[in-house]
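Notes to accompany the following structure.
Numbering (this note's numbering), first residue to last: 4 to 203.
Structure below.
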């Protein structure tokens, strides 16, 4: 038995120096063969685990994407549901304005509906930017030009064409504003070298 084992282990021999002969066959010991089979099995198991992990990760990613889409749909539905009374009030306002003879009552109705809409949006996290009188900030204001005035400090917002809005602490839209500029000084003194129109 030991003789057979020794023969198996010595079966792989280097060709002798100067010899062109190569071994005709290679005998692998049963121990090496067993180790090789174990490594191959471990490799297959690891590959299967990796494929399962990748599949699980892909499924989790798809599930998270779907859940995110569902959450967005639910949030949108909540906002839309809150806006339905505003639409109802606009429709009532349009119907009653066709019969109204008093313009002020129509204006009051529109203001009421606008106030309702602003309140709903505020509850959802929308806040208007207060720009007039504030220093110009390019992060929140979009400059449309300058207005000459002494009522507001130079470089501050004198007026706004379009309100800016923040949504949950982040800028949603910059305010479109005009900046204050000092009025040009009118010189009441006559130009140098003139004689105030007096003839000599």
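Glycine is no exception: its CB is placed at the ideal position from the N, C-alpha and C atoms.
- Query: According to DSSP, is residue 135 helix, strand or coil?
  - Reply: Shown here, residue 135 sits in coil according to DSSP, grouped into three states, outside any helix or strand.
- Message: Assuming contact is defined by CB atoms lying nearer than 8 Å, are residue 147 and residue 164 in contact in what I supplied?
- Response: yes
- Please work out which residues of its chain come closer than 7 Å, Cβ to Cβ, to residue 128, disregarding the five sequence neighbours upstream and downstream, and give them in chain order. 170, 171
- Would you call residue 132 buried or exposed, if buried means 16 or more other Cβ atoms sit within 10 Å of its Cβ? Burial call: buried.
- Message: Can you tell me whether residue 182 is buried or exposed? The criterion is at least 16 other CB atoms within 10 Å of its CB, across all chains shown.
- Response: When all chains shown are included, residue 182 counts as buried.
- Query: residue 107 to residue 92, Cα distance in whole Å?
  - Reply: 17 Å
- For residue 65, name the three-state secondary structure that DSSP assigns. Residue 65: helix per DSSP, three-state reduction.
- Message: Looking only at its chain, what residues have a beta carbon closer than 6 Å to the beta carbon of residue 123, apart from the 5 residues adjacent to it on each side?
- Response: 85
- Item | Residue closest to residue 130, alpha-carbon to alpha-carbon, out of 178, 188, 110 | 178
- Task: Grab me the residues of residue 134's own chain with a C-beta within less than 7 Å of its C-beta, minus the 5 sequence neighbours each way, in chain order.
- Result: 144, 160, 163, 167, 178, 180
- Task: Could you work out which residue in 51, 142, 61 is closest to residue 173 when comparing CA atoms only?
- Result: Selected option, being the one with the closest Cα: 142.
- Mind checking who residue 109 pairs with in its DSSP beta bridge? Beta-bridge pairing links residue 109 to no other residue.
- Message: So, at 7 Å on beta carbons, what are the nonlocal neighbours of residue 89 in its own chain, with the 5 sequence-adjacent residues on each side left out?
- Response: These residues qualify, in order along the chain: 116, 119, 120, 123.
- Message: If you reduce the DSSP assignment to three classes, tell me which class residue 163 lands in.
- Response: strand
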